[in-house]
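Residue numbers (numbering that gives the first Met the number 0): 0 to 71.
Don't be surprised by glycine CBs; every beta carbon is placed ideally from N, CA and C.
To start, the structure itself, in structure tokens.
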Amino acid sequence: MAKRQYDNGEIIIHWDSDLCTHAGVCWHMLPKVFRPSERPWVRMEFATTAELINMIEKCPSGALKYELKAEQ
Ligand code: SF4
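This is how it looks when you write it as structure tokens:
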């Protein structure tokens, strides 16, 4: 239904609501970043890029993905 992108200047997070199982790994690991009751629900500024990548690699459904931005 919804695909969203979030950008912190270093990486772009892609989130696909159709794949998300709402298991909550993301908001348990990084509760300041992933806030399912708020919009926007991903607040990248509350974690480092390394923390975000570490979390995204643990998303069990593949709903969260990231891509590294090319250095300017
Ligand atoms: S960890 Fe992945 S599957 Fe689980 S709620 Fe977050 S985005 Fe959805």
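Straight-line Cα distance separating residue j from residue i
i, j, result
"M54", "I12", "11 Å"
"H27", "C19", "15 Å"
"S60", "H21", "9 Å"
"D17", "Q4", "14 Å"
heavy atom of ligand 1 below 6 Å from residue i C-beta
i, result
"H21", "yes"
"A62", "yes"
"V32", "no"
"V24", "yes"
Cβ neighbours of residue i in the same chain (closer than 7 Å, five flanking residues each side left out)
i, result
"C25", "F33, M54, C58 and L63"
Nonlocal neighbours in the same chain, by C-beta distance under 6 Å from residue i, ignoring five residues either side
i, result
"N7", "M43"
Residues of its chain near residue i, where Cβ-Cβ distance is below 8 Å and the 5 sequence neighbours each way are ignored
i, result
"K68", "D6, G8, E9, I10 and I11"
"L51", "N7, I10, I12, L29, V32, M43 and Y65"
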